[in-house]
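Taking it in order: structure first as structure tokens, then the write-up.
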Amino acid sequence: MKIPGYSYLEEIERAFNIKIQEEEKKKLKKVIEKHPMFIPEYYAKLIDWKNPDDPIKQIIFPSVDELDLSGSYDTSGEKENTVLTGLQHKYKETALLLVTNRCAGYCRHCFRKRLVGIPTDETVKLFDRAVEYIKEHPEITNVLISGGDPLILPTDVIEYFLSELSKINHLKFIRIGSRIPVFYPMRITEDRKLLEILSKYSTPERRIYLVTHFNHPVEITDEARRSIDSLIRHGVIVSNQAVLLKKVNDNPDTIATLMKELVSAGVVPYYLFQCRPVKRVKKHFQIPLKEGYRIVEKAKQKLDGHAKRFKYIMSHKTGKIEIVGIIGDEIYLKYHQAKQPSKVGKLFKKKLTPEAGWLDDLKPINTKSEKFVEVN
Ligand code: SF4
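Numbering (this note's numbering), first residue to last: 283 to 658.
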């Protein structure tokens, strides 16, 4: 699929009549050589290019801070959860398929930065073999089709995925992870065939969920709302996973407005992720947990029950950990999902420092109090 957009700095300079300083341009080119830039034309128009602090620009335009190599390229332990090329099985009930390395735009904060837009051997090669694996594992109740962005693929390919997965009786629902409603919503509204396919396979017995990724209220345009409306009218349930990002949405008003607007568009606010300590991402995007918790709680004070259904989560290699509360210098955490099933629901606490941004930065309090609190 050809999406109109910009891959070169000079194209941006020409299109939006801006000048990038030569020294900065040299550094940005080094960044782009490693992690390509692609800014869809539609999305580029949401940016105020004269404002260096424009929040949407931070998401999609490269930064010299990406030359910082602290962090890791695989913070969620995806390599160790890969059971076949492109198929991960971390949580008992969920299979994750990486079907493409391409997206409609390349987010600078992407936690799969190691593979998006660049050659990779991590995407599915033999889809039918992946389907066989899922068939052989009745404990898998749902599949997440991800990437990259699956909706970048031709509609026929998407139909093949859905038709094959729909033959597996123990699958109760299918999720598609896509940022298309944010980057190129016309892909949904203008492709009747795609909508028909979604309608065909999203049934009362096996619903299709589209998990999207709005980070800022500016992204919820009329076109984006229309794409969500089309999905809903064709039987798809739309939910949102946002990421808390420095200089993008790191204040209670922005988070509160984002959640309110999502609900008004018909989207379920699902997760707000703590930014992972990803290489070339962590330094300029991650907010300390202490500050993140403050932002989330202040935002929740402004929201009704529907808009505050989201959980503030660290997606750690051991599981999805909810940030439940902070009292003094102690942080309370809970395994919402865990790689080791016995940990699910376990509550624990750690010593918090003002700079800590990830579970691994937190210190033990003492051996006794670090033990999990039993729930039954
Ligand atoms: S659309 Fe999703 S997978 Fe693609 S770069 Fe953005 S966050 Fe990563």
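A virtual CB, placed ideally from N, CA and C, is assigned to each residue, including glycine.
Original post:
Can you tell me where the alpha helix (DSSP H) with Val425 in it begins and where it stops?
Top reply: Mapped onto the sequence shown, residue 425 falls at position 143. Counting along the chain, Val425 falls outside any alpha helix (DSSP H), though it belongs to the beta strand (DSSP E) covering 424-428.
Original post:
Run through DSSP, which three-state label would Asn658 get?
Top reply: The sequence position of residue 658 within the sequence shown is 376, counting from 1. For Asn658, the predicted structure reports a pLDDT of 49, less than 50, and the residue's modelled location is therefore unreliable. The matter cannot be settled from this model.
Subject >> Whole-Å CB distance - Ile595 paired with Lys602, under 8 Å assumed >> reply: Numbered from its first residue, the sequence shown carries residue 595 at position 313. Numbered from its first residue, the sequence shown carries residue 602 at position 320. Taking the Cβ atoms as the reference, Ile595 lies roughly 5 Å from Lys602, within the contact range of under 8 Å.
Subject >> Euclidean distance between Cα positions of Ile510 and Asn648 >> reply: Locating residue 510 in the sequence shown gives position 228, counting from the first residue. Locating residue 648 in the sequence shown gives position 366, counting from the first residue. Using only the alpha carbons, I get a separation of about 48 Å.
Original post:
Taking buried to mean at least 16 other C-beta atoms within 10 Å of its own C-beta, is Pro408 buried or exposed?
Top reply: As a working mapping, residue 408 is identified with position 126 in the sequence shown. In the sequence under discussion, the amino acid at residue 408 is Leu, which differs from the Pro named in the question. The residue in question, Leu408, is exposed, as its Cβ has fewer than 16 Cβ neighbours within 10 Å.
Original post:
Within this structure, are the beta carbons of Leu526 and Phe555 separated by less than 8 Å?
Top reply: Your numbering for residue 526 matches position 244 in the sequence shown. Your numbering for residue 555 matches position 273 in the sequence shown. Yes, the pair counts as a contact, with Cβ atoms nearer than the cut-off.
**OP:** Go through its chain and collect everything with a Cβ distance to Tyr325's Cβ below 7 Å, but skip five positions before and after it.
**Re:** Within the sequence shown, numbered from 1, the residue matching residue 325 stands at position 43. Here the set comprises Ile342, Gly387, Phe465.
Subject >> heavy atom of the ligand SF4 below 7 Å from His618 C-beta >> reply: For this step, residue 618 is matched to residue 336 along the sequence shown. His618: no, Cβ never under 7 Å from the ligand SF4.
**OP:** Could you tell me whether the segment 406-426 touches the segment 364-384, using the rule of 3 or more Cβ pairs below 8 Å?
**Re:** Taking 8 Å as the limit for Cβ pairs, the verdict is that the segment 364-384 does touch the segment 406-426.
Original post:
In or out: His588 buried (at least 16 other Cβ within 10 Å) or exposed?
Top reply: As a working mapping, residue 588 is identified with position 306 in the sequence shown. With fewer than 16 other Cβ atoms within 10 Å, it is exposed.
Original post:
Would you say Cys660 and Gly430 are within 8 Å of each other, going by their C-beta atoms?
Top reply: This structure cannot speak to residue 660, because the chain is shown only from 283 to 658.
Original post:
Is the closest heavy atom of the ligand SF4 to the C-beta of His498 under 7 Å?
Top reply: Along the sequence shown, read from residue 1 onward, the residue named residue 498 stands at position 216. No; taking the cut-off as 7 Å, the Cβ of His498 has no heavy atom of the ligand SF4 nearer than that.
Original post:
Per DSSP, Gln568 is paired with what?
Top reply: The residue you call residue 568 lines up with position 286 of the sequence shown. In DSSP, Gln568 forms no bridge with anything.
Subject >> Assigned exposure category for Tyr575 - 16 Cβ within 10 Å defines buried >> reply: Mapped onto the sequence shown, residue 575 falls at position 293. With 16 or more Cβ atoms within 10 Å of its Cβ, Tyr575 is classed as buried.
Subject >> Inter-stretch contact at 8 Å, needing at least 3 Cβ pairs: the segment 351-364 / the segment 530-550 >> reply: no
**OP:** Work out the CA separation of Lys339 and Gln523 for me, nearest whole Å.
**Re:** Counting from 1 along the sequence shown, the entry for residue 523 is found at position 241. Counting from 1 along the sequence shown, the entry for residue 339 is found at position 57. One C-alpha to the other measures close to 19 Å.
**OP:** Pull up the DSSP beta-bridge partners for Pro436, would you.
**Re:** Locating residue 436 in the sequence shown gives position 154, counting from the first residue. Answer is none; Pro436 lacks a bridge partner.
Subject >> Residue of Arg515, Asp330, Glu348 minimising C-alpha distance to Leu310 >> reply: In the sequence shown, the residue the question calls residue 310 occupies position 28. Comparing Cα positions, the closest option is Glu348.
Original post:
In chain order, what residues of the same chain lie with their CB nearer than 6 Å to the CB of Asn658, ignoring the 5 residues before and after it?
Top reply: Here residue 658 corresponds to residue number 376 of the sequence shown, with the count starting at 1. In this prediction, Asn658 scores a pLDDT of 49, lower than 50, which makes its location untrustworthy; the coordinate-derived value is nonetheless stated afterwards. Taken in chain order, the list of residues that qualify is empty.
**OP:** Under 7 Å Cβ to Cβ from Lys454, same chain only, skipping five residues before and after it: list those, please.
**Re:** Within the sequence shown, the letter at position 172 stands for residue 454. The answer, listed in chain order, is Thr423, Asn424, Arg488.
Original post:
Between Pro551 and Phe592, which are expected to be in contact by the criterion C-beta below 8 Å, what is the C-beta distance as a whole number of angstroms?
Top reply: Residue 551 sits at position 269 when you count from the first residue of the sequence shown. Residue 592 sits at position 310 when you count from the first residue of the sequence shown. At roughly 4 Å, the Cβ-Cβ gap stays under 8 Å, so Pro551 and Phe592 are in contact.
**OP:** Could you tell me if the beta carbon of Asp431 falls within a distance shorter than 7 Å of some heavy atom in the ligand SF4?
**Re:** To locate residue 431, count along the sequence shown from 1; it is residue 149. Yes - the ligand SF4 has a heavy atom lying nearer than 7 Å to the Cβ of Asp431.
**OP:** Excluding the 5 residues preceding and the 5 following Ser481 in the sequence, name in chain order all residues of the same chain whose CB lies nearer than 7 Å to its CB.
**Re:** Position 199 of the sequence shown, counting from 1, holds the residue named residue 481. So the qualifying residues of the chain are His516, Gly517.
Subject >> Heavy atom of the ligand SF4 within 7 Å of Ser398 beta-carbon >> reply: For this step, residue 398 is matched to residue 116 along the sequence shown. In the sequence as presented, Ser is not what sits at residue 398; that position holds Val. For the ligand SF4, at least one heavy atom lies less than 7 Å from the Cβ of Val398.
**OP:** Could you name the residues of the same chain whose beta carbon sits closer than 7 Å to that of Asp330, not counting the 5 residues immediately before and after it, in chain order?
**Re:** Start at 1 with the first residue of the sequence shown, and residue 330 comes out as number 48. Here the set comprises Asp336.
Original post:
If you run the structure through DSSP and keep just helix, strand and coil, what is Ser358?
Top reply: Locating residue 358 in the sequence shown gives position 76, where the first residue counts as 1. Coil at Ser358, not helix or strand.
**OP:** Measure the alpha-carbon distance for Trp640 versus Lys628 and round it to whole angstroms.
**Re:** Position 358 of the sequence shown holds residue 640. Position 346 of the sequence shown holds residue 628. Distance between the alpha carbons of Trp640 and Lys628 is about 18 Å.
Original post:
Grouping DSSP H, G and I as helix and E and B as strand, with all else coil, what is Tyr466?
Top reply: Reading the sequence shown from its first residue, position 184 is the one you call residue 466. Correct three-state label for Tyr466: coil.
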